[in-house]
Amino acid sequence: MSCTVMTPARIRRAVRAAPAADPTTAPTRILDHDHPDVRRFLRSIDREAGPRERDPQEYLRAAHRRIRDAIRPVYSMADTRSVSGTLRRGRGSCSQRFAVLEAAARARGIPTRSRGLVMDGEFWYPRFPMLRRAVPRFVLLAWPELRLDGEWVSVTRALAGPGRADAGPSFGNAGAETLFDAVGRGAADWRAAGVQGCACDDAAFARFVRRDLGTHSSRDELFARYGQNLPGPVRLAVEPLFGRWSAGATSR
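Residues in the sequence shown are numbered from 47 upward in steps of one, following our numbering.
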């Protein structure tokens, strides 16, 4: 047992006074919203979203629009890339763009967490009709959840909200629209049909979910536990190409 007497009083007081960090709003290695480049980007969202007292959902919608317009969608496989790294490149996969949205939310004091969804690889067949044999049988998706009004909700509900107008056609994962884009209009909610009052029923998306791995305090924790999609050597080999390949190009 260590000796309390040997610890200076100032250090003991500092430990007692230090508030416990909220793991759902704190920066992480991936969600590095304390990075100067990220803070600079978030200021551009603040200018559009207005005062901090404004409705959190309005802020999230403004953040989603800014990310959609500023970060070019590509098929990057680097799921654990930091938000600052994505912003420096100006391009990112849906997973990486969702990470930027989470970082923006956390910086605004909106808690986020990640639900691990194991998706059937067939979900991506429309994107890669000539590469189906290379698509993994299962793909791990870090699905953001955000805490609004004391309730954890999916990113789709956080952006669309209950009672919003019809979300339109289900997300088919083909064409120019990406998964990140689709949630902005209320489509692609993996269990919307079972959520009372949710206007974003998308059974076409939910049917590809093979297993729910539960919630994790961050996508860092999720990927640390289950690993990234694709073996490391394969990911390194394809990233130079897929990391620049514009999403939607395969279906044109």
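A virtual CB, placed ideally from N, CA and C, is assigned to each residue, including glycine.
- Relative to the Cα of residue 138, the nearest Cα in the group 115, 70 and 254 belongs to 115.
- The continuous alpha helix (DSSP H) containing residue 227 extends over residues 225-230.
- Residue burial annotation: residue 133 is buried, with at least 16 other C-beta atoms found within 10 angstroms of its C-beta.
- Within the model, the alpha-carbon separation for residue 255 versus residue 162 is close to 10 Å.
- Taking a contact to require three or more Cβ pairs closer than 8 Å, the segment 271-285 and the segment 102-109 do not qualify as touching.
- Residue 270 sits in a helix when the DSSP states are folded into three classes.
- When only Cα atoms are considered, residue 268 and residue 176 end up about 30 Å apart.
- In this structure, residue 79 keeps its C-beta atom at 9 Å or more from the C-beta atom of residue 124.
- For the 9 Å CB-CB criterion, residue 130 and residue 195 do not form a contact.
- Sixteen is the threshold: when 16 or more other Cβ atoms of the shown chains lie within 10 Å of the Cβ of residue 264, as they do, the residue is buried.
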